[in-house]
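Numbered according to my numbering, the sequence shown spans residues 241 to 522.
Built from N, CA and C at the ideal position, the CB exists for glycine as well.
This one's a predicted model, so the numbers in the text were calculated from it and none came from an experiment.
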Amino acid sequence: MIDKEILDKTFKQITEENRNALATGFQDLDILLSGVEKGNLITIGARPAMGKTAFILSIMSNLLKQNKKCLLFSLEMSTSQIIKRLIAILGEIGLITMNHNKLLDDSQKSKIEYILTAISYLNLTICDDIYTIEGIRNKIAEERPEYVFIDYLQLMETPRKKQRSEAITNIMLDLKQIAKENNCIIFISSQLSRALESRCDKRPMLSDLRESGDIENISDVVLLIYRDEYYKACVDDEDYALNKGKAEIIVAKNKMGATAIIELLFRSPIAKFLEPIQYDLF
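What follows is the structure, given as structure tokens:
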């Protein structure tokens with residue numbers, strides 16, 4: 241027999257406003273993911289240059305604005321690079337402009353200084369030197385964040401004696417356990433197989449998740465990123481002009497809700513995803 245306390249808790253979750261609901265900052269996505277709760281594991285998959293890191297940082301910056309405690313494991317980029325990306329997202333200053341500082345004017349320099357001060361007060365910890373599942377487990381237990389971001393799965397260290405697919409499966413199982421034990425939501429980005437490049441329609445599918453089919457099985461939610469303009473980068477192409485700056489977030493798996501395609505905008509100069517109503521594309 242199921243404990244009445246659990247039944248009462250479930251009734252309360254269904255009938256009362258969930259103030260702890262995931263709020264990515266993207267309204268349509270939040271509606272779809274309203275069933276996501278602490279202890280869930282969310283995988284974000286994409287081919288290179290689609291915007292895996294940009295999407296993770298866009299969600300994270302929206303959560304930080306709500307004063308949520310976030311922990312980022314950056315396995316590819318240094319902390320300094322991540323901070324530059326956050327400056328671009330929060331201050332809407334182009335990455336090229338920052339990388340070539342001679343292009344910065346005095347007002348932009350002042351803006352960067354202001355944003356850096358704001359970043360110092362964010363409830364954020366960045367780790368760029370932890371690659372093992374045990375290191376991640378220990379850091380999460382130490383920091384007790386509400387949201388964890390790992391960028392990205394294939395860069396995590398795995399035992400040499402194990403087959404790669406088995407090692408990836410074990411990492412995903414461990415991450416799911418860690419999320420439940422620490423009552424947090426974990427986002428992890430993942431590469432997709434290059435096999436999709438040979439298809440006419442290059443929109444990713446669950447089967448494109450690289451190295452282990454258990455990535456999709458263990459994840460509570462799988463989000464796949466697609467930007468048509470990447471594949472039609474000729475400025476004279478009519479489809480390119482039509483789809484420039486547009487992005488699709490494919491909700492390919494949603495254990496507690498529906499699947500769908502969410503349309504967002506992607507501003508490549510600042511590597512930021514936005515709601516269509518936030519930015520006039522033209």
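Exposure label - residue i; buried when at least 16 CB within 10 Å
{"i": "residue 421", "result": "exposed"}
{"i": "residue 460", "result": "buried"}
{"i": "residue 504", "result": "buried"}
{"i": "residue 509", "result": "exposed"}
{"i": "residue 382", "result": "exposed"}
{"i": "residue 283", "result": "buried"}
{"i": "residue 447", "result": "exposed"}
{"i": "residue 273", "result": "buried"}
{"i": "residue 495", "result": "exposed"}
{"i": "residue 434", "result": "exposed"}
{"i": "residue 487", "result": "buried"}
{"i": "residue 517", "result": "exposed"}
{"i": "residue 521", "result": "The pLDDT assigned to residue 521 is 42, lower than 50, so where the model puts this residue is not dependable, and the model offers no usable value."}
{"i": "residue 401", "result": "exposed"}
Under the three-state DSSP convention, the category residue i falls into
{"i": "residue 466", "result": "strand"}
{"i": "residue 433", "result": "coil"}
{"i": "residue 379", "result": "helix"}
{"i": "residue 287", "result": "coil"}
{"i": "residue 335", "result": "helix"}
{"i": "residue 507", "result": "strand"}
{"i": "residue 328", "result": "helix"}
{"i": "residue 451", "result": "coil"}
{"i": "residue 341", "result": "helix"}
{"i": "residue 515", "result": "coil"}
{"i": "residue 457", "result": "helix"}
Nearest-angstrom beta carbon gap, residue j and residue i [assumed within contact, 8 Å]
{"i": "residue 286", "j": "residue 464", "result": "7 Å"}
{"i": "residue 281", "j": "residue 419", "result": "5 Å"}
{"i": "residue 308", "j": "residue 378", "result": "Wrong, their Cβ atoms sit about 21 Å apart, outside the cutoff."}
- [ ] Assess, as a yes-or-no matter, whether the region 300-315 is touched by the region 380-394 under the definition of 3 or more beta carbon pairs within less than 8 Å.
- [x] yes
- [ ] Determine contact between the region 357-366 and the region 316-328, defined as no fewer than three beta-carbon pairs at a distance below 8 Å.
- [x] yes
- [ ] Indicate whether the contact test is met: 3 or more Cβ pairs, each with one atom in the region 259-277 and one in the region 407-414, closer than 8 Å.
- [x] Touching, no, given that fewer than three Cβ pairs across the two stretches are closer than 8 Å.
- [ ] Ignoring anything shorter than 4 residues or poking outside the region 347-420, list the alpha helix (DSSP H) runs there in chain order.
- [x] 373-383
TODO: Take every Cβ of the region 399-409, pair it with every Cβ of the region 441-455, and state whether three or more of those distances are shorter than 8 Å.
DONE: Of all C-beta pairs linking the region 399-409 to the region 441-455, three or more are shorter than 8 Å, placing the two stretches in contact.
Task: Every unbroken beta strand (DSSP E) within the region 265-315, with a cutoff of 3 residues, ordered by chain - done: 281-286, 310-314
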